[in-house]
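Chemist: Sharing a structure below in structure tokens format, with a few things to ask.
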Amino acid sequence: MSSDDSAVPHTAPKAPLKPRGIRQTMSDLHIWAGLLVGWFLYAMFLTGTVSYFKDELSQWMRPELAHQAEVPDPALVAQRIATQLATVAAGSPQWSIGMSDARNNSANAFWRKPGVQGRAFENATFDPATGHKVAARETPGGEFFYRFHFQFHYMPVLWGRWLAGFCAMFMLVAIVSGVITHKKIFTDFFTFRWGKGQRSWLDAHNALSVFGLPFHFMITYTGLVTLMALYMPWGSDTAFKTPAERQQLTAELSAFIQPAKPTGQKAALAPIDDMVRQAQARWGRDNINRVTITHPGDAASRVSVSRGEEGRASMSPQYMLFDGASGKLLSTKDSVGPAAETRGVLYALHLGRFGDLPTRWLYFLVSLAGTAMVGTGLVMWTVKRRQKLPDPDKPYFGFWLVERLNIAAIPGLSIAMAGMLWANRLLPVDLLKRGEWEVHAFFIVWAMTLLHALLRPAKKAWLEQLWLATAVLALLPLLSVFTTHRPLWQSVAAGDGVFVGIELMLWALAALHAVLAIRTSRHAAKLRPSRREAAGRSAATASAGKAA
110 MSSDDSAVPH
120 TAPKAPLKPR
130 GIRQTMSDLH
140 IWAGLLVGWF
150 LYAMFLTGTV
160 SYFKDELSQW
170 MRPELAHQAE
180 VPDPALVAQR
190 IATQLATVAA
200 GSPQWSIGMS
210 DARNNSANAF
220 WRKPGVQGRA
230 FENATFDPAT
240 GHKVAARETP
250 GGEFFYRFHF
260 QFHYMPVLWG
270 RWLAGFCAMF
280 MLVAIVSGVI
290 THKKIFTDFF
300 TFRWGKGQRS
310 WLDAHNALSV
320 FGLPFHFMIT
330 YTGLVTLMAL
340 YMPWGSDTAF
350 KTPAERQQLT
360 AELSAFIQPA
370 KPTGQKAALA
380 PIDDMVRQAQ
390 ARWGRDNINR
400 VTITHPGDAA
410 SRVSVSRGEE
420 GRASMSPQYM
430 LFDGASGKLL
440 STKDSVGPAA
450 ETRGVLYALH
460 LGRFGDLPTR
470 WLYFLVSLAG
480 TAMVGTGLVM
490 WTVKRRQKLP
500 DPDKPYFGFW
510 LVERLNIAAI
520 PGLSIAMAGM
530 LWANRLLPVD
540 LLKRGEWEVH
550 AFFIVWAMTL
560 LHALLRPAKK
570 AWLEQLWLAT
580 AVLALLPLLS
590 VFTTHRPLWQ
600 SVAAGDGVFV
610 GIELMLWALA
620 ALHAVLAIRT
630 SRHAAKLRPS
640 RREAAGRSAA
650 TASAGKAA
């Protein structure tokens with residue numbers, strides 16, 4: 110070796126960096142796909158979960174409507190309301206009557222405003238026993254939560270649906286990447302460690318994910334399918350170009366018949382109850398969903414009687430079409446093409462309206478687990494990173510923002526939803542645009558929970574909002590005692606399962622929030638020592654070693 114070589118220090122070559130594996134890549138994708146839209150997904154899941162009982166919730170939000178012990182004959186209901194609409198909606202080119210059933214104690218109808226172009230409608234609620242309009246409080250009922258979960262609010266409907274679709278695509282990515290990331294996910298389903306901080310949150314997230322994995326994938330994918338014509342319209346635009354072809358496409362997907370041109374020749378409507386009874390003979394007495402009448406009083410009038418959704422695992426339209434003037438059956442729509450039927454089955458799977466009460470409860474519980482899955486994922490992001498903060502009292506802005514948004518999105522949304530129910534009971538019944546003010550109350554309360562989360566220390570904000578959610582949910586049945594004529598004990602005596610069920614569920618949800626509040630109060634974050642503390646400990650250890 111030369112002297113020049115000996116003067117050059119030799120260092121060991123650096124080991125090449127190990128390339129990131131597929132699981133590590135999928136882990137990053139899973140984390141960020143879930144986080145970036147997690148707050149929207151949580152709101153979509155929770156409001157969608159509630160929507161499985163939207164009809165029952167709508168009943169509870171209209172306490173003026175009497176309990177319906179038996180379902181009235183749909184044929185008589187349709188005839189009574191059609192008779193009323195001849196006066197209430199005289200001159201309208203189209204009436205549509207929704208039947209009462211075991212889940213709805215009222216019938217509803219909407220009609221096109223006469224002489225107005227475009228989609229201008231009026232609506233009213235009717236007593237199925239008399240056919241008269243009922244003076245119930247104006248409220249969006251459970252329908253608000255159903256609409257909110259896929260089109261949000263305070264924005265154009267199309268924008269809301271595009272946003273919901275964007276979030277659903279992220280959800281699909283998070284589901285697939287999560288399965289790839291957690292190679293022991295099914296084993297971990299049977300392992301839950303209480304009080305272990307980050308490990309406990311991960312166990313909960315894994316268990317909730319595996320418990321409803323097929324359902325979560327199905328509900329996300331079918332949610333996209335229900336709006337496939339909006340997200341991917343190019344195929345239908347290419348295949349159906351003329352107005353007649355587009356009308357045929359509409360007939361494949363919907364039983365809502367469009368008014369044809371009137372003749373101007375007056376002709377009284379044939380008895381509606383006779384037409385409905387023909388449909389009942391085909392599908393069953395109580396399996397009638399809607400009666401639609403176009404150009405009533407004209408020779409060109411048509412009556413469509415649609416089949417109900419119960420016991421039918423497809424949302425494809427089935428209806429009988431009658432000549433309105435003579436009552437003659439013109440056609441029966443019993444089936445659609447393979448593509449439309451596939452879409453109808455996927456649509457029915459998403460809505461779950463085909464099922465009986467136990468099936469809807471199963472949908473509710475698994476969907477609630479999906480809501481918890483999204484919530485635990487959001488919380489786990491902050492729990493995992495809090496341990497690595499140099500100074501937990503002064504986190505960086507991104508961490509601080511995520512933590513506050515989690516608080517407003519999780520307990521804050523529960524408070525906002527309960528706040529809307531409080532508004533339903535407290536707002537004056539004759540308030541102008543009362544239904545809109547119920548919705549405004551929902552968003553005002555939700556905004557206040559965000560403001561509270563921004564101003565308070567994180568753990569105190571979590572505890573205060575969880576306890577507040579507990580209180581507002583638990584007190585709702587007591588509020589009904591003072592603001593309605595239907596306290597819980599009277600509902601029990603009358604056998605009103607809807608009112609009893611809703612109020613017992615409010616108490617169950619209050620108990621759930623109380624448990625979460627207690628668990629949160631007992632949780633103590635395990636923080637990694639700061640660099641200064643670690644250096645001090647290392648120096649102390651080294652000194653002790655030298656002394657020894």
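Residue numbers (our numbering): 110 to 657. Cβ coordinates follow ideal geometry from the N, Cα and C atoms, glycine included. Computed from a prediction, not measured in an experiment: that's the story for all the values here.
Whole beta strand (DSSP E) runs in the segment 219 to 275 with 3 or more residues, listed along the chain?
Modeler: With a minimum length of 3 residues, the continuous beta strand (DSSP E) runs that stay inside the segment 219 to 275 are 230 to 235.
Chemist: Under 8 Å Cβ to Cβ from residue 636, same chain only, skipping five residues before and after it: list those, please.
Modeler: Confidence is the limiting factor: at residue 636 the pLDDT is only 49, short of 50, which leaves the residue's position unreliable, though a coordinate-based value still follows. The residues are 495, 496, 498 and 501.
Chemist: Just to confirm before moving on: does the CB-CB distance between residue 365 and residue 422 stay below 7 Å?
Modeler: For residue 365 and residue 422, no; Cβs fall outside 7 Å.
Chemist: If distances are taken between C-alpha atoms only, which option among 595, 629 and 611 comes closest to residue 172?
Modeler: With distances taken between Cα atoms, residue 172 lies closest to 595.
Chemist: According to DSSP, residue 414 sits in a beta bridge with which residue or residues?
Modeler: Partner(s): 400 and 429.
Chemist: Among the residues of its own chain, which have a CB less than 6 Å from the CB of residue 670, if the five just before and after it don't count?
Modeler: Here the chain comprises residues numbered 110 to 657, so residue 670 is not present and cannot be evaluated.
Chemist: List in chain order: all unbroken alpha helix (DSSP H) runs of 4+ residues lying wholly within the segment 552 to 640.
Modeler: The segment 552 to 640 contains these whole alpha helix (DSSP H) runs: 567 to 592, 597 to 603 and 606 to 631.
Chemist: With respect to the beta strand (DSSP E) encompassing residue 441, which residues constitute its N-terminal and C-terminal limits?
Modeler: From DSSP, the beta strand (DSSP E) with residue 441 extends over 438 to 442.
Chemist: For the beta strand (DSSP E) that contains residue 205, what are its first and last residues?
Modeler: Its beta strand (DSSP E) spans residues 203 to 207.
Chemist: Quick check: residue 517 and residue 562, are their CB atoms within less than 7 Å of each other?
Modeler: It is a contact, given that the beta carbons lie within the stated cut-off.
Chemist: Cβ of residue 215 within 7 Å of Cβ of residue 234?
Modeler: In this structure, residue 234 lies closer than 7 Å to residue 215 by Cβ.
Chemist: Assess contact between the segment 570 to 582 and the segment 512 to 531, defined as three or more Cβ pairs (one per stretch) separated by less than 8 Å. Is contact present?
Modeler: Segments in contact, yes.
Chemist: With a threshold of 8 Å, are at least 3 pairs of Cβ atoms found where one atom belongs to the segment 240 to 254 and the other to the segment 436 to 444?
Modeler: Because the criterion of three Cβ pairs below 8 Å is not met, the segment 240 to 254 and the segment 436 to 444 do not touch.
Chemist: Span of the alpha helix (DSSP H) holding residue 325?
Modeler: 322 to 335 is the span of the alpha helix (DSSP H), which, as asked, contains residue 325.
Chemist: Report the three-state DSSP secondary structure of residue 370 (helix, strand or coil).
Modeler: Residue state, collapsed to three classes: coil.
Chemist: Count the other CB atoms within 10 Å of the CB of residue 512; is the residue buried (16 or more) or exposed (fewer)?
Modeler: Result: buried.
Chemist: Within this structure, are the beta carbons of residue 367 and residue 408 separated by less than 7 Å?
Modeler: It is not a contact, given that the beta carbons lie outside the stated cut-off.
Chemist: Alpha carbon to alpha carbon, how far is residue 274 from residue 149? Give it in angstroms, no decimals.
Modeler: Roughly 11 Å between the two C-alpha positions.
Chemist: DSSP three-state label for residue 214, please.
Modeler: If DSSP states are grouped into helix, strand and coil, residue 214 belongs with coil.
Chemist: Under the rule that 16 or more other beta-carbon atoms within 10 Å means buried, what is residue 164, buried or exposed?
Modeler: It counts as buried.
Chemist: Report the partner residues of residue 407 according to the DSSP bridge assignment.
Modeler: BP columns for residue 407 point to 375.
Chemist: Just to confirm, is the Cβ distance from residue 331 to residue 458 under 7 Å?
Modeler: Contact flag set, yes.
Chemist: Check whether the Cβ atoms of residue 400 and residue 195 sit closer than 7 Å, and answer yes or no.
Modeler: Against a cut-off of 7 Å, the Cβ pair of residue 195 and residue 400 comes out as no contact.
Chemist: For residue 433, which option in 412, 622 and 444 has the closest C-alpha, if you only look at C-alpha atoms?
Modeler: Among 412, 622 and 444, the Cα nearest to that of residue 433 belongs to 412.
Chemist: Is the distance from the Cβ of residue 628 to the Cβ of residue 588 below 7 Å?
Modeler: No, Cβ-Cβ distance for residue 628 and residue 588 is not below 7 Å.
Chemist: According to the Cβ coordinates, are residue 161 and residue 461 closer than 7 Å?
Modeler: Yes, these two residues count as a Cβ contact at 7 Å.
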